[in-house]
Each structure stands twice: as C-alpha cells, then as structure tokens.
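Here the structure comes first, spelled out in structure tokens, and everything after it is commentary.
4 protein chains.
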Amino acid sequence: MKHPVYFKHSPDNPTPLSHRVVRKVRFDELDPLNIVWHGHYASYFEDARVALGNFYGIGYMDFFNQGIAIPLKKFHVDFYKPLQFDVSYTIEALLHWNEAARLDFEFNIYDTDGGLQSSGYSVHLMVDKVQGVLVAKPTFFEDFCEKWRREEIK
Amino acid sequence: MKHPVYFKHSPDNPTPLSHRVVRKVRFDELDPLNIVWHGHYASYFEDARVALGNFYGIGYMDFFNQGIAIPLKKFHVDFYKPLQFDVSYTIEALLHWNEAARLDFEFNIYDTDGGLQSSGYSVHLMVDKVQGVLVAKPTFFEDFCEKWRREEIK
Amino acid sequence: MKHPVYFKHSPDNPTPLSHRVVRKVRFDELDPLNIVWHGHYASYFEDARVALGNFYGIGYMDFFNQGIAIPLKKFHVDFYKPLQFDVSYTIEALLHWNEAARLDFEFNIYDTDGGLQSSGYSVHLMVDKVQGVLVAKPTFFEDFCEKWRREEIK
Amino acid sequence: MKHPVYFKHSPDNPTPLSHRVVRKVRFDELDPLNIVWHGHYASYFEDARVALGNFYGIGYMDFFNQGIAIPLKKFHVDFYKPLQFDVSYTIEALLHWNEAARLDFEFNIYDTDGGLQSSGYSVHLMVDKVQGVLVAKPTFFEDFCEKWRREEIK
Chain A
210 MKHPVYFKHS PDNPTPLSHR VVRKVRFDEL DPLNIVWHGH YASYFEDARV
260 ALGNFYGIGY MDFFNQGIAI PLKKFHVDFY KPLQFDVSYT IEALLHWNEA
310 ARLDFEFNIY DTDGGLQSSG YSVHLMVDKV QGVLVAKPTF FEDFCEKWRR
360 EEIK
Chain B
210 MKHPVYFKHS PDNPTPLSHR VVRKVRFDEL DPLNIVWHGH YASYFEDARV
260 ALGNFYGIGY MDFFNQGIAI PLKKFHVDFY KPLQFDVSYT IEALLHWNEA
310 ARLDFEFNIY DTDGGLQSSG YSVHLMVDKV QGVLVAKPTF FEDFCEKWRR
360 EEIK
Chain C
210 MKHPVYFKHS PDNPTPLSHR VVRKVRFDEL DPLNIVWHGH YASYFEDARV
260 ALGNFYGIGY MDFFNQGIAI PLKKFHVDFY KPLQFDVSYT IEALLHWNEA
310 ARLDFEFNIY DTDGGLQSSG YSVHLMVDKV QGVLVAKPTF FEDFCEKWRR
360 EEIK
Chain D
210 MKHPVYFKHS PDNPTPLSHR VVRKVRFDEL DPLNIVWHGH YASYFEDARV
260 ALGNFYGIGY MDFFNQGIAI PLKKFHVDFY KPLQFDVSYT IEALLHWNEA
310 ARLDFEFNIY DTDGGLQSSG YSVHLMVDKV QGVLVAKPTF FEDFCEKWRR
360 EEIK
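Protein sequence lines, in the order shown, are assigned to chains A, B, C and D.
First residue of the first sequence: 210, per my numbering; consecutive thereafter.
First residue of the second sequence: 210, per my numbering; consecutive thereafter.
First residue of the third sequence: 210, per my numbering; consecutive thereafter.
First residue of the fourth sequence: 210, per my numbering; consecutive thereafter.
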C-alpha cells in the first residue's frame, strides 16, 4: 500500500507530533455487508485527534478555554481494507507543522498485524467570536509551536 | 398487537397532544441482519418529539429560551416488527397530561399499512441552573397547560 | 440511588452472569448541552452485552453460527446523572436467569467514583428461519444453562 | 464560493446524472457548538446517493441483486458553512461518467437560500465474490451506461 502524501513539507519543518489509540469494532458500527459503515471513520479519526490534543495540551477544550473553536474545513478518507466485527485496530493521528493558523491532521488506521487499513486527513480552521477566522495563531498555540520547533515537545 | 399503557390517566385529564412525522429507513441505520439497529429508535422518537414541540411552541428551544433544559429521566422502546431498508414509516408522538413539572411522551411507529411497528415512551425533567430540578412548571408552560386544559390548544 | 428491580427472581435461580467494560465519552457523543445524547446509551449497553457474550461463548456470533438471531423485544434506560466529555465510566452487563428462550440483560453504568450513573435493561427473543420465534432454548444454549445452574460457569 | 473540480472530464462525456433530496437538521446531529457534527455528512451524502440510485435503477440493491457490492474507495467533504438545528437543506448527488468500473459521485449541500453549504465526493469500486475488484463494468450497468451515453436516461 503506497501511502498518499496529504500535506507537503519543507525539510525545515519540525517532525509531526503523533499519538495512537486502540479501539475495537462494535456491532452498531456494522452495515448489512458485515463491515464498518464508512461514516464511522469520522469518529475513529476524532478519537485519535482528541487523544493527541489531550496528550499535548492542544485539544478542543484547550482552544475553547481561549474562546476559540476549531471547525473542520476538510475531511478525507482513503479506504484500503474493510473492518470486521470485534477486531481491534490502532488509530494514529499525526499533527503536521503549518505556519498558518490551521491544524493539519493525518490519520492512519492499522490492523493488529500492522497492515494499513485506511488513511485520511482533516484540516481545521481557528475561529473566535470577534475576528471570525483567525489569520494568526492564538498566543497559547504560538507558544506551543515555538517549543515544537525547538523540539522541546515530548 | 395489544398496546401497552405507559401512563395512567384520570378521566378528567385533557386529551394528549399529538403530532406525526414521516421518515424513511436509511442505509446507515441498518445492521448486519439488514434491519434497523435498535439504537436508532431514539432518533426516530426524537424527530416526532421535536416536531410536536415546534408545532405547539413547547420545544427544546422554547424551554432553553427560558433557561430550562429538559433532560431525559426514562427512555423505553417495545419492538414488535423489524424495519427494513428504504421503507417509509410514520412516527407519532403524544404528550400526556401531567400535573407535575415533567414531560411524559408516548411514541408509536406505524408501517405504511398502519400496523404498529414499535412503541415506547420518554420522561423528561425540567432543570434550571438556579433550582436544579424544578418542582413547579415554569410560567410559560403553566400558561400553555391552562389552555390545554381548557381545550384551547389546536 | 435506589436501584430498580428489572427482573423478578425466585431464590432458586442461579446468580446472574456479569461482565464489565470501561469506556470514555467521545466528542461525537455530546449534544448541545455538552452531555452525552441519550440515544448513545444503546451503544454503551451493547458494548457490555457483546463483551459478556464473548466472554461466556454465548454472543451474537455464537447464536448466529446456530442460525439464530437474538432481536430486541424491549429496551429501557433510567438516567440518573449526565455524562460529560472525556470522562471514563464502567458499563456492567448482567445476564439474568430465565427458564424461557429469551435473554434478560440488566445494565449499570458507574462513574469513576463508583456512583450509579444510569441503569437499564434489554430483553431479546431467539429467532430462526424455520420456526420464527423459538419457544425452547437451542441445544447449545440449553447446555450452557445447565452448566450455569450447576455453577460450573466461571 | 468557488466550487472544487473533483473529477476531470473530457468534453465528450455525457452530462452527469443528478438527483436531490431535502432534509432537516435533527437534534441528535448537533455537537456542543450547536452545529452539525462533521461525521453526519456521510449520512447526508448517502441519502442523496441512495435516492439517485433508486431513481435510475442503479442503487445498492440493484448491484447487490447482481452479486456485486460497491464499497467506498474514497470519501471527501469540504465544509463552507455550519448547519444549525432544525434548518432545511438540499443534498444534490451527481454521478459522473467514468469509463472504468467505478462510481464517481459528487455531492453539494445547499441552504434554503441556494447558498453552497458544503460539497464533497465519494468513489466506489465494484466487487464480487469470484473476481474481487471488477475491472469491467457488469452487464446491467454497461447497458445502463450505453443508454446514458446516447442520452436516453431521463
């Protein structure tokens, strides 16, 4: 499986941040073909995105507490293999570096044997009540990005 | 199909208010047995409850605008027949009279031929930020109930 | 919180079988009040029911492999406290003894501090393509119940 | 709003087939920001795709009846404006011409005032149990495409 390149990078950019969660296919996610209905991948990707955000302190709530929402601009999934009932899988979220005030997330779902089951991405804007869509990163996230660039984020 | 009696009534109580919506089974609601997964009935019942609330001016938003939420206390479904892909069905919501500050909703889902497909109920409390669970109906709803008792609600 | 008695028991009945799963509230389960929308409890209860079925070898697939489906006849939830974003909770499923060919499940959701968050039940019939609704337990499940009665099920 | 070009076309290709459905935002689709959670767009797009398939006789069931499944290969959404509670919107599905054995669907969601709310696409393979992924269109669909090319499909 050749992996699509969702976001282009300069070699100067810091390494993407990543986080993984493990989940199991549930009965209510299956369709009449006995595989996961495609619409549930939005929930799968979100699980890993929320876990990454919580881990690094840049989650939904961290933005909300600054009066900022991070609505989706784009959402994409590439499906390679179906997911069956009761199997476990790993969802990986990667946050890619972006100079602009947006969040570029890549996602990969791996089978228990490490095979790539699906991949995708989501792009998020930053919005507050006063300015609408932000053109500059909010201070707390700018500070975070500085540390990320200096490779001080673990 | 003998219909369960979900709420007991005195003969003095005003007739329940009712409203109906028509809906169609969607592919993403089907389970591996090719019938609607039972968890979706919460959405079906809610559709009719929202339509009734909007029709009579006592919906979620009407309560919210008074600072009151109406969280569920109980939710129940009795299933009689499965629902198949792409069939249409009618959801009926009935609001039963209650002297207390709560909402007693009954639901019936009918096939296109009028057969009873399922029934159920939901019970809602009224909650505000100051008093918590309300023991008396809020004024706007008390006014509504007076008209209901006088049979002035159409 | 006084716990409702969903199923009546003779003192001779074997102890209910039980199983627990731990889960975390996800963003996509929240409603505009920032609490879990009530319809998601069907998925929560099912998670614990599936885990119990798998653990004891009497799950959906075990019945399906005998040509038997176990559709819901009844579903019920009593809500005591709202569930907030990102909190963990424990879902307990209990399978109660029943002489008839049906499955009586009770569910309890517990907060991390052990408080009862909600409870409920589901009742399932057994159906095959030849006889429709079964009046007697299928052999594999009858065998299981014999062991359960003799307290040989761990 | 400049509309993305999701599928490239030669001027010789027949006009895309299209179909529209109207739907209303439901309470259970809202997130804590009081707008539709992005994962529900998969259901919205599917509604219009199913309606188009039924209208032209090339729906899921028409393929299934030939022993063919049409799993998703790609799914994409571009979000332009949020959807609020209880508003109506129109979902348009367009089936684009493709020489290969795949289905290229484009979707547009329009506000009641005709503004573009979101757009997206899905790409489907054709799979049967014998050959796996089909390289040639199945006969019934090839026949349909001949008529489509001759502009005999209304």
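The C-beta atom is built at its ideal place from N, Cα and C for all residues, glycine as well.
The model shown is predicted, which means the values in this text are computed figures rather than measured ones.
Would you kindly check if the distance between the Cβ of residue j and the Cβ of residue i is under 8 angstroms?
i: HIS247 (chain A); j: PHE284 (chain D); result: yes
i: ALA302 (chain B); j: ALA251 (chain B); result: no
i: THR299 (chain C); j: ARG229 (chain C); result: yes
i: PRO347 (chain D); j: ILE279 (chain D); result: no
i: LYS313 (chain C); j: PHE254 (chain C); result: A small correction: the amino acid at residue 313 (chain C) is Asp; Lys does not occupy that position in the sequence shown. Taking 8 angstroms as the Cβ cut-off, ASP313 (chain C) and PHE254 (chain C) do not qualify as a contacting pair.
i: LEU325 (chain D); j: LEU261 (chain D); result: no
i: LEU239 (chain D); j: PRO291 (chain C); result: no
i: SER327 (chain A); j: VAL286 (chain A); result: yes
i: VAL234 (chain D); j: PHE316 (chain D); result: no
i: VAL332 (chain B); j: LYS282 (chain B); result: yes
i: ASN222 (chain A); j: TRP306 (chain A); result: yes
i: ASP337 (chain D); j: LEU343 (chain D); result: yes
i: PHE272 (chain C); j: TYR269 (chain A); result: no
i: VAL339 (chain D); j: SER297 (chain D); result: no
Within 8 angstroms (strictly less), CB to CB, does residue i reach chain A?
i: GLU301 (chain C); result: no
i: HIS192 (chain D); result: The structure shown does not extend to residue 192 (chain D), since chain D spans only 210 to 363, so no value can be given for it.
Can you find a C-beta in chain D that's less than 8 angstroms from the C-beta of residue i?
i: LEU239 (chain C); result: yes
i: ASP295 (chain A); result: no
i: VAL259 (chain B); result: yes
i: HIS212 (chain A); result: no
What are the partner residues of residue i, as DSSP defines its beta bridges?
i: THR299 (chain D); result: D:VAL231, D:TYR319
i: LEU242 (chain B); result: None, per the DSSP bridge assignment.
i: PHE288 (chain D); result: D:SER327
i: LEU304 (chain C); result: C:LEU226, C:PHE314
i: ASP337 (chain D); result: D:ILE277, D:GLY341
i: LYS283 (chain B); result: B:VAL332, C:ASP287
Specify, as a first and last residue, the run of the alpha helix (DSSP H) that residue i falls within.
i: PHE178 (chain B); result: Because chain B in this structure spans residues 210 to 363, residue 178 (chain B) falls outside the shown range and cannot be described.
i: LYS356 (chain C); result: 348–358
i: PHE273 (chain D); result: 269–273
Interface residues of chain B around residue i at Cβ under 7 angstroms?
i: TYR269 (chain D); result: PHE236
At a CB-CB cut-off below 9 angstroms, which residues of chain A make contact with residue i?
i: TRP246 (chain B); result: PHE236, ASP237, LEU239
So residue i contacts chain D; which residues on that side make the cut at Cβ distance below 7 angstroms?
i: ALA251 (chain A); result: HIS247, GLY248, ALA251
i: ASP256 (chain B); result: ARG235
Contact criterion: CB-CB distance below 8 angstroms. Does residue i meet it with respect to chain B?
i: LYS346 (chain C); result: no
i: ALA309 (chain C); result: no
What does residue i touch in chain B if you count any residue whose Cβ is under 8 angstroms from its own?
i: ASN243 (chain A); result: PRO241
i: HIS285 (chain C); result: LYS283, PHE284, HIS285, VAL286
i: PRO183 (chain C); result: For residue 183 (chain C) there is no data in the structure shown, the boundaries of chain C being 210 and 363.
So with CB distances below 7 angstroms, who are the chain C contacts of residue i?
i: LEU281 (chain B); result: HIS247, PHE288
Residues of chain D with CB under 8 angstroms from residue i, in chain order?
i: PHE216 (chain A); result: Here the premise fails: no neighbours, minimum Cβ distance about 15 angstroms.
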